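Asker: Let me give you the structure first, and then I'll get to my questions.
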Amino acid sequence: MSVTLLAGTATASVAVASETPAAAPATALAPTAPVENLIVGYKSSASEASSNSAAADDATAKGKKAGKKAKFDRRLGTGAALVNLGGTVAPAEAADVMAQFRADPDVAYVEPDTRAYATAVTPNDTEYAKQWDLFESTAGMNVPAAWDKTTGSGVTVAVIDTGYVAHSDAAPNVVAGYDFISTASYARDGGGRDSNPADEGDWNATDGECGLGSKASNSSWHGTHVAGTIAAATNNSKGIAGIAYNAKIQPVRVLGKCGGSTSDIVDAITWASGGSVAGVPANATPAKVINMSLGGPGACGTSYQNAINAAVARGTTVVVAAGNSNADAAGYSPASCNNVINVAASNRAGDRSYYSNYGSIIDIAAPGGETRRATDTPGTVTTPENAILSTLNAGTTTPGAEIYKPYQGTSMAAPHIAGLAALLKSANSALTPAQIETAIKNNARPLAGTCTGGCGAGLADAAATVAAVTSTPPAPAFENTTDVTIGDNTTVESPITVTGKTGNAPAALKVGVNIVHTYIGDLKVDLIAPDGSVYTLHNRTGSGTDNINQVYTVNASSEVANGTWKLRVNDNAGGDTGKIDSWNLTF
Numbered sequence: 140m141s142v143t144l145l146a147g148t149a150t151a152s153v154a155v156a157s158e159t160p161a162a163a164p165a166t167a168l169a170p171t172a173p174v175e176n177l178i179v180g181y182k183s184s185a186s187e188a189s190s191n192s193a194a195a196d197d198a199t200a201k202g203k204k205a206g207k208k209a210k211f212d213r214r215l216g217t218g219a220a221l222v223n224l225g226g227t228v229a230p231a232e233a234a235d236v237m238a239q240f241r242a243d244p245d246v247a248y249v250e251p252d253t254r255a256y257a258t259a260v261t262p263n264d265t266e267y268a269k270q271w272d273l274f275e276s277t278a279g280m281n282v283p284a285a286w287d288k289t290t291g292s293g294v295t296v297a298v299i300d301t302g303y304v305a306h307s308d309a310a311p312n313v314v315a316g317y318d319f320i321s322t323a324s325y326a327r328d329g330g331g332r333d334s335n336p337a338d339e340g341d342w343n344a345t346d347g348e349c350g351l352g353s354k355a356s357n358s359s360w361h362g363t364h365v366a367g368t369i370a371a372a373t374n375n376s377k378g379i380a381g382i383a384y385n386a387k388i389q390p391v392r393v394l395g396k397c398g399g400s401t402s403d404i405v406d407a408i409t410w411a412s413g414g415s416v417a418g419v420p421a422n423a424t425p426a427k428v429i430n431m432s433l434g435g436p437g438a439c440g441t442s443y444q445n446a447i448n449a450a451v452a453r454g455t456t457v458v459v460a461a462g463n464s465n466a467d468a469a470g471y472s473p474a475s476c477n478n479v480i481n482v483a484a485s486n487r488a489g490d491r492s493y494y495s496n497y498g499s500i501i502d503i504a505a506p507g508g509e510t511r512r513a514t515d516t517p518g519t520v521t522t523p524e525n526a527i528l529s530t531l532n533a534g535t536t537t538p539g540a541e542i543y544k545p546y547q548g549t550s551m552a553a554p555h556i557a558g559l560a561a562l563l564k565s566a567n568s569a570l571t572p573a574q575i576e577t578a579i580k581n582n583a584r585p586l587a588g589t590c591t592g593g594c595g596a597g598l599a600d601a602a603a604t605v606a607a608v609t610s611t612p613p614a615p616a617f618e619n620t621t622d623v624t625i626g627d628n629t630t631v632e633s634p635i636t637v638t639g640k641t642g643n644a645p646a647a648l649k650v651g652v653n654i655v656h657t658y659i660g661d662l663k664v665d666l667i668a669p670d671g672s673v674y675t676l677h678n679r680t681g682s683g684t685d686n687i688n689q690v691y692t693v694n695a696s697s698e699v700a701n702g703t704w705k706l707r708v709n710d711n712a713g714g715d716t717g718k719i720d721s722w723n724l725t726f
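In terms of this note's numbering, the sequence shown opens at residue 140 and continues consecutively.
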């Protein structure tokens, strides 16, 4: 199967202050803005250091000397006294009161109670104003408000795509990747797989070159565009701002001339997530997030699913584009695979982008933009300002000068979610892929417009999602870790009793299953609801593949959440045995 990129063109105790400040400033702090309070540190030998009444008397006296009202407010945790000036006063008036305290040998220090502000100011990147997808209230993803808490530090995002063509706005965040294109003619680099993921161009010179119906086209530099959205350098006075701008990008090349093969992509998923691939050196910086803005027609195959399951089991969140065929995403792969975050595209008005795939299998929507309206002539670029601006290259075939250019597509939507996943993982390193997906979906907001066919939980909201995972721990899963032996031709069950939930289970109940077995094609795995309803998770597929380790999504909205749920496993053949190692439910 060949896949292609998914982008269109375009108190009680009192602390005592120390005798001497820990680090006296070279120059005493002077107020430079209106002041409401002062912070006064007394030497430990002074009665004001331990007595609130003494501190109150002292504040009043010194205020009178300066011709101002001064009143003891409270004791800080450090032992210092907070002195209120009776309202906001000018810097010079505050300085007069401070001078009275400084003249007192019992005072160790006095300084204005200044204000601090969020450090995530508007980036100074020259093209940032064009990045509506990050900040506009109607259909932007509310990214800037998340930067106060996290910018992606410590997280590597693998971009499994066309590779990377050098761009100074992305280069500071690029780490070593790999070229997994195994056929030299498609790779255009004179050989097969190698350690250089440079994008050599994916142009087609003539119609039909890549199969019946294929058209001649220029190089897309698609992977570089995706990389910029995720983690372009930010506050560097040039270009664009990346969503997780302190994360690292790992370019993993799988798409070249005429797209890419499933076999190469499967190996890329394995390697990027820290797995072993024969003949390929180990990945020194395994990715905690994978972005795949690629796909093709057909339901998810076993090869894709096994690779994705293994990546998720290693702790890697896998984000995929839904596809650009204005069709049900269930008919496209890897969008239809389990254990992925499947992303549809929305436009600047908050509607589903006209080209975006849709359906019940969609998890979330993110800005993908539109370089033209649905009614405009195909191939035209009439509304570039409504597309997603990112890093690119001017070369029509081989690399040329670096540029910025707007593209549209679910290829552009997916990296918004990959960037958000990196922000979440950076903010809370304990988050699992399932918890990251749940957090993104639970904190989405409704699309401002419409989505015919289904756009999952709605439009992702970066600030709300980051706030959710940093303010409270993610909701724990109900779990059973007791081993249950699976013998030949037997049926076994493992129960989980759910309590404390209100109403019905969700439409996207997550069922995490870890079964150790040497031939999963023998197994039928069902989730049994408290009322006996059966939901089949796995039905004798996978042939001789070892083990089931994945998270299934079940529409259990008709089931009461509280009660005893069971995982039932039926072994239908002889010769291979195993066990239910663990399983869990996440509501």
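A virtual CB, placed ideally from N, CA and C, is assigned to each residue, including glycine.
Predicted model, so just to flag it, every value in this text is computed and none were measured.
#1: Are the region 509 to 518 and the region 348 to 363 touching by the rule of at least three beta carbon pairs closer than 8 Å?
#2: Rounded to a whole number of angstroms, what is the C-alpha to C-alpha distance between Gly-714 and Thr-630?
#3: Please look up how many angstroms separate the CB atoms of Leu-676 and Val-652, rounded, as I've assumed it's under 8 Å.
#4: Please list the segments of the beta strand (DSSP E) lying wholly inside the region 316 to 401, counting only runs of 3 or more residues, in order along the chain.
#5: How far does the alpha helix (DSSP H) with Pro-572 in it reach, from first residue to last?
#6: Can you say whether Ala-344 is buried or exposed, counting buried as having 16 or more other CB atoms within 10 angstroms of its CB?
#7: I'd like the span of the alpha helix (DSSP H) that includes Glu-232, first residue to last.
#8: Might you give, ordered along the chain, the residues of its own chain that have their beta carbon closer than 7 Å to the beta carbon of Glu-232, omitting 5 neighbours on each side?
#9: Just the Cα atoms here: how many angstroms apart are Asp-467 and Asp-252?
#10: Roughly how many angstroms separate the alpha carbons of Pro-160 and Asp-243, rounded to a whole number?
#11: What number of angstroms, rounded off, separates the C-alpha of Thr-261 from the C-alpha of Phe-274?
#12: Here's a check: name, in chain order, each residue in its chain whose Cβ is nearer than 8 Å to the Cβ of Thr-638, leaving out the five neighbours to either side.
#13: Quick check: the Cα distance between Leu-724 and Asn-525, rounded to an integer number of angstroms?
#14: With hydrogens ignored, establish whether the beta-carbon of Asn-478 is closer than 7 Å to any heavy atom of the ligand GTP.
#15: Count the CB pairs spanning the region 562 to 581 and the region 486 to 501 that are closer than 8 Å, and state whether there are at least three.
#16: Assuming contact is defined by CB atoms lying nearer than 8 Å, are Asn-628 and Leu-662 in contact in what I supplied?
#17: Check Leu-559 in the structure and name its three-state DSSP category.
#18: When DSSP builds the beta bridges, which residues end up paired with Pro-523?
#19: Would you kindly check if the distance between the Cβ of Ser-529 and the Cβ of Gly-367 is under 8 Å?
#20: Can you tell me whether DSSP reads Gly-626 as helix, strand or coil?
#21: Which of helix, strand or coil does DSSP assign to Thr-441?
#22: Give every residue of the same chain whose Cβ lies closer than 6 Å to the Cβ of Ala-596, excluding the five residues on either side of it in the sequence, and list them in chain order.
#23: By how many angstroms is the C-alpha of Ala-371 removed from the C-alpha of Pro-585?
#24: Classify Arg-213: buried if its beta carbon has 16 or more other beta carbons within 10 angstroms, exposed otherwise.
#25: Starting from Thr-675, follow the beta strand (DSSP E) in both directions and report where the run begins and ends.
#26: Assuming Gly-507 and Ile-480 are in contact, meaning their beta carbons sit under 8 Å apart, how far apart are those beta carbons, in whole angstroms?
#27: Just to confirm the assignment, what range does the alpha helix (DSSP H) spanning Thr-609 have?
Answerer: Based on what the coordinates show:
#1: At 8 Å Cβ cutoff, the stretches do not touch.
#2: 15 Å
#3: A Cβ-Cβ separation of about 6 Å places Leu-676 in contact with Val-652 under the 8 Å criterion.
#4: 387 to 392
#5: 572 to 581
#6: exposed
#7: 230 to 241 is the span of the alpha helix (DSSP H), which, as asked, contains Glu-232.
#8: The answer, listed in chain order, is Lys-207.
#9: 58 Å
#10: Because the pLDDT of Pro-160 is 34, which lies under 50, any placement of that residue in the model is unreliable, and the question is left without a value.
#11: 10 Å
#12: Within the same chain, Thr-638 has close Cβ partners Asn-701.
#13: Between Leu-724 and Asn-525, the alpha-carbon positions lie close to 40 Å from each other.
#14: As far as ligands go, the structure on display features none, and thus does not contain the ligand GTP.
#15: no
#16: no
#17: In the three-state scheme derived from DSSP, where H, G and I count as helix and E and B as strand, Leu-559 is classed as helix.
#18: Paired residue(s): none; Pro-523 is not in a bridge.
#19: yes
#20: Looking at Gly-626 - three-state DSSP - the assignment turns out to be coil, as it is neither helix nor strand.
#21: helix
#22: The residues are Ile-503, Lys-580 and Ala-583.
#23: 28 Å
#24: exposed
#25: Taken as a continuous stretch (DSSP letters only), the beta strand (DSSP E) holding Thr-675 covers 673 to 678.
#26: Not really, about 14 Å apart at Cβ, beyond 8 Å.
#27: Counting along the chain, the alpha helix (DSSP H) containing Thr-609 begins and ends at 601 to 610.
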